[in-house]
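Mapping of the sequence shown onto mature numbering (1 follows the signal peptide of the UniProt record, and there is no 0): residues -22 to -1, 1 to 162, in sequence order.
Glycine residues also receive a C-beta, built at the ideal position from the N, C-alpha and C atoms.
Fair warning: this is a prediction, and the values are worked out from it, not measured in the lab.
Working notes, structure below.
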Amino acid sequence: MRRLVPALLAVPLLALAAPASAAPGDFEVVTASGVFGSAAPAYTYQPDLVPAGATARVFAASAPELGTSVTLLVTGLRADREYGAHAHTRPCGASGTNAGPHYQKQVDPVSPSVDPAYANPENEIWLDLTTDRTGTGIGATHVGWQFDTDRRAGSVVVHETHTHTDPGHAGTAGARLACLNVTF
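Next up, the structure:
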């Protein structure tokens, strides 16, 4: 439970810390939730690892002086298992590839991006998690930037493994298991 409390408080604490001088629209809060199945807003592509009926919730808050905090809470996944999760550029669809690549603040000119200079937790939203004995898990991150107003992420994709960081594999996390539409 100790591990869950700081992660669950990350977004609310950022919200409380929003500067009084922030102009309207500078501070943003985004939430999304869904039950995994075969249609929007939450798709499962491998029901043996992300069963139909499992749930996901995303909470995000951002402000210019503070950056962006994102928390992913999942329930009903396979117990005692590591998963990767990232913000992706487009909304979910019938195939995991519909979500596009990872959202990157500084976009790698080479695709797919496996260069640690671009595919890293400071330039992308990484929400890796490990489920407990009940299949519940939480991933949280904070980056020092906000999404661009004209270029935002459209989903969070749950992947097969924790995210790799080594050159040539940076940012990879195996197959796309599930996807939740999030309007960042």
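Practice prompt. Please classify residue 77: does DSSP put it in a helix, a strand, or coil?
Written response: Three-state result, residue 77: helix.
Discussion item. Contact between the stretch 148 to 160 and the stretch 90 to 103 is defined here as three or more beta-carbon pairs at a separation below 8 Å; is this criterion met?
Written reply: Because the criterion of three Cβ pairs below 8 Å is met, the stretch 148 to 160 and the stretch 90 to 103 touch.
Worksheet item: Beta carbon of residue 9, beta carbon of residue 36: below 8 Å?
Response: Against a cut-off of 8 Å, the Cβ pair of residue 36 and residue 9 comes out as a contact.
Practice prompt. For residue 157, count neighbouring C-beta atoms within 10 Å of its own C-beta (all shown protein chains included) and say buried if the count is 16 or more, exposed if not.
Written response: By the neighbour-count rule (16 or more Cβ atoms within 10 Å), residue 157 is buried.
Worksheet entry | Cα-Cα separation, residue 115 to residue 82 | Straight-line Cα distance between these residues: approximately 24 Å.
Practice prompt. Between the Cα of residue 90 and those of 109, 111 and 67, spot the shortest distance and give me the residue it belongs to.
Written response: For residue 90, the closest alpha carbon among the candidates 109, 111 and 67 is that of 67.
Worksheet item: Straight-line CA distance for residue 45 to residue 7?
Response: Residue 45 and residue 7 have their C-alpha atoms roughly 12 Å apart.
Worksheet entry | Outcome for residue 104 when other beta-carbon atoms lying within 10 angstroms are tallied against a minimum of 16 | A residue is called buried when at least 16 other Cβ atoms come within 10 angstroms of its Cβ; residue 104 meets this threshold and is buried.
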